[in-house]
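Okay, so here's the structure we're looking at.
2 protein chains.
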Amino acid sequence: MSSSVLLDNLISALQVMPGVGPRSATRIAYALLDRRRAEGLQLATTMQEALTRIELCPCCRNYSDGGKCSLCQNVKRRTSGVLCIVETPADVQAIESSGTFFGTYFVLHGHLSPLDGLGPQELGLDVLEQRFASGEITEAILATNPTVEGDATAAYIAAMAHRHQLVLSKIASGVPFGGNLDSVDEHTLATAITQRRPFA
Amino acid sequence: MSSSVLLDNLISALQVMPGVGPRSATRIAYALLDRRRAEGLQLATTMQEALTRIELCPCCRNYSDGGKCSLCQNVKRRTSGVLCIVETPADVQAIESSGTFFGTYFVLHGHLSPLDGLGPQELGLDVLEQRFASGEITEAILATNPTVEGDATAAYIAAMAHRHQLVLSKIASGVPFGGNLDSVDEHTLATAITQRRPFA
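Keeping their order, the protein sequence lines are chains A and B. Quick note on this note's numbering: the first sequence kicks off at 651 and runs consecutively. Quick note on this note's numbering: the second sequence kicks off at 651 and runs consecutively.
Shown next as structure tokens:
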């Protein structure tokens, strides 16, 4: 317990953030109070605004400021006809930073998991089917996580895509750059070998 | 850049917190949006309230909810006559968690540093002198950081305390528990040897 109840409240509220335990919460609270009150107040306002106003884009279910998100509004992306299906909004940002994809996205917000109450409806697969049916999409890229649940979800979506005669692909699995072969798990290595590519 | 300007703003505002860089800010923003909107809004409100309402206790200059802080209001502590002088509010909390001090504190919010514009006035030494003069204090414990600046500040306060005929002490310097002697710097080790204590 500190000298101020408000300070104690702040320290405990800060721990809602992932990776922030009691020690870093205390450090953050004192830093804001000691030197950064104005920036801290700005952060509080920004947080309030973001958490109140950010909603799901009706088109791709990614986060948007209201209505269609900026990626779906981009005409070049929309007319590319390529749709990349990912599990989370963070995955969209990860693919965006790779700088290799110029189509639109669809965000599932999870993977099929009947035990957790996550069925096709919860993942927005009805919205996805509408997009497949709209005729705007020619190719779908499955970019769910390379896990059992991710693969099962990808298989379900693949069946949907086949019904609409779409070109379908799945992002490559294999050894990641910069690692050592002996630190890669055997399943990844097995995939890398069975899915080897011709090399000139 | 993500799909939402509000989200980008949140990610950049979160980086005002020490130890939070672009990657953890992104992780925190998505965690709050994905699963913890209500807790995040609560955090924003708590932060706003704390940063607006927390002020300095007129008595010890520690953080308080307004007026005297809870430590200064404690009669047992106030009548103990022992005052511990520290550099920051975080130091108070550190000493409190050690569970060995039951007097009151005085927080300098820094150390004497003329080049940074931190003189006796900025450290509240006029308030401290009033407390020395009040007759309530019988012993002062110097607990500034064991650095050149901390020691200089302690020396300045010691001269003040002498003028008021207070019992004066300084917290012990030496090897910390749980470490190895060979990982302790030579200055600390020299202090530990010259200030060795009789051992029965």
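Every residue gets a Cβ at the ideal spot worked out from N, C-alpha and C, and that includes glycine.
When 9 Å is used as the limit between beta carbons, Ser720 of chain B is near these residues of chain A: Met651, Ser652, Ser653, Ser654, Val655, in chain order. The region 702 to 718 of chain A makes no contact with the region 786 to 794 of chain A, as fewer than three CB pairs between them are under 8 Å. The way I'd put it, the region 678 to 687 of chain A does touch the region 667 to 685 of chain B; three or more beta-carbon pairs between them come closer than 8 Å. Contact residues of the region 680 to 705 of chain B toward chain A are Tyr680, Ala681, Leu682, Leu683, Asp684, Arg686, Arg687, Glu689, Gly690, Leu691, Gln692, Leu693, Ala694, Thr695, Thr696, Met697, Gln698, Glu699, Ala700, Leu701, Thr702, Arg703, Ile704 (C-beta to C-beta distance below 8 Å). Apart from the 5 residues on each side of it in sequence, Phe782 of chain B sits with its Cβ closer than 7 Å to the Cβ of Met810, Ala811, His814, Leu816 in its chain, given in chain order. Under the Cβ criterion (8 Å, minimum of three pairs), the region 729 to 738 of chain A counts as touching the region 752 to 759 of chain A.
About 11 Å separates the beta carbon of Ala675 of chain A from that of Thr696 of chain B, a gap too long to meet the 8 Å contact definition. Its chain contains Thr794 as the residues whose beta carbon lies nearer than 8 Å to that of Asp801 of chain B, once the 5 sequence neighbours on both sides are disregarded; these appear in chain order.
Contact between Ala700 of chain B and Leu656 of chain A holds, with the beta-carbon distance rounding to 4 Å and staying under 8 Å. Per the coordinates, the alpha-carbon of Thr702 of chain B lies some 14 Å from the alpha-carbon of Gly717 of chain B. Boundaries of the beta strand (DSSP E) around Glu789 of chain A: 789 to 792. Within 10 angstroms of the beta-carbon of Val798 of chain B lie fewer than 16 other beta-carbons, which makes it exposed. Taking the CA atoms as reference points, His761 of chain A sits about 36 Å from Gly690 of chain A. At the C-beta level, Ile704 of chain A and Ser784 of chain B stay beyond 7 Å of one another.
If you look at Lys726 of chain A, you'll find it in the alpha helix (DSSP H) that goes 725 to 728.
Between the C-alpha atoms of Ser720 of chain B and Leu778 of chain A there is a straight-line separation of about 57 Å. Look at Val757 of chain A: its C-beta is not under 7 Å from any C-beta on chain B. The C-beta separation of Ala808 of chain A from Gly824 of chain A comes to about 20 Å, leaving the pair out of contact by the 8 Å criterion. Closer than 7 Å to the CB of Pro668 of chain A there is at least one CB belonging to chain B. Asn795 of chain B is outside the set of residues whose beta carbon lies under 7 Å from a beta carbon in chain A.
For Val825 of chain B, the secondary structure class from DSSP, reduced to helix, strand or coil, is coil. In this structure Ala804 of chain B is buried. Its beta-carbon is surrounded by 16 or more other beta-carbon atoms within 10 angstroms.
About 5 Å separates the beta carbons of Phe751 of chain B and Ile745 of chain B, which is inside the 8 Å limit, making them a contact pair.
One finds Met667, Pro668 in chain B with Cβ atoms closer than 7 Å to the Cβ of Ile678 of chain A, taken in chain order.
Separation of Arg686 of chain A and Gln692 of chain A (C-alpha to C-alpha, rounded to the nearest whole angstrom) is 10 Å. Non-local C-beta neighbours of Thr738 of chain B in its own chain, meaning closer than 7 Å and more than five positions away in sequence, comprise Val757, His759, ordered along the chain. Residue state for Phe751 of chain A is assigned as coil, using DSSP reduced to three classes.
Taking Asp776 of chain B as the centre and dropping the five residues before and after it, the same chain places the C-beta of Pro770 closer than 8 Å to its C-beta, in chain order.
With respect to the 7 Å criterion, Ser652 of chain B and Gln743 of chain A are classified as neighbours on the basis of their beta carbons.
Residue pairing from DSSP places Val817 of chain B in a beta bridge opposite B:Glu789.
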